[in-house]
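This report concerns only the one structure given below.
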Amino acid sequence: MGGEGGRRIALLGTINRDTIRTPDGVETESYGGILYSLLPLSAIVKDTARILPVVNVGEDMREIVIDYLGPCANIDFEGVAFVPDKNTHCFMVYDKDYNKQETLLGGVPKLTFNRIEPFLSCDAIAVNFITGIELELETLQSVREATEAP
2 MGGEGGRRIA
12 LLGTINRDTI
22 RTPDGVETES
32 YGGILYSLLP
42 LSAIVKDTAR
52 ILPVVNVGED
62 MREIVIDYLG
72 PCANIDFEGV
82 AFVPDKNTHC
92 FMVYDKDYNK
102 QETLLGGVPK
112 LTFNRIEPFL
122 SCDAIAVNFI
132 TGIELELETL
142 QSVREATEAP
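Below, the structure written as structure tokens:
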């Protein structure tokens, strides 16, 4: 395990685009999913590890993802695949009582074992489910069987 440049940490998941509408009609757009894990992890490990997001990203989010992750020298784009599909976009609407209704549109292909396989030698593999459809249970079981990484 490991490799040049210290430890290697793979993070499997998805990057979301979120649109949030509050009861007063104000809309806010933000980006989340594994960005909420990648960016703090990058700051924590600094130059002691390389972080490898394994994620399918819609072509419509290419520039945004590059803008967010590009400045982080320890985040490696090797596992980032830009796909022609529209990226996952979650619309959250809150009513006057702050009850939430979520609608998920778009969606990139699920991660397959073949996409994850090159990262099985990482020192750690984390899975960050956001939508619940990032990968199949069988794929996750195959990953677990094929790696010694925690």
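Each residue of the sequence shown is one higher than the one before, counting from 2 in my numbering.
Glycine included, each C-beta is placed from N, C-alpha and C at the ideal position.
Exercise. Report the option in Gly59, Val27, Glu30 and Pro54 whose CA atom is closest to the CA atom of leucine 40.
Key: Pro54
Quiz item: Quick one: complete alpha helix (DSSP H) runs, 4+ long, within the segment 25-72?
Solution: 36-46 and 63-70
Exercise. Can you have a look at asparagine 100 and say buried or exposed, based on whether 16 or more other CB atoms are within 10 angstroms of its CB?
Key: exposed
Practice problem: Select from Gly59, Cys73 and Thr148 the residue whose C-alpha is nearest the C-alpha of proline 85. | Solution: Gly59
Quiz item: How big is the Cα-Cα spacing for valine 144 and isoleucine 10?
Solution: 14 Å
Practice problem: Spatial neighbours of threonine 148 within its chain, please: CB distance less than 7 Å, with the 5 preceding and 5 following residues excluded, ordered by chain position. | Solution: Leu121 and Ile126
Quiz item: For arginine 22, which beta-bridge partners are listed by DSSP?
Solution: Glu28 and Val94
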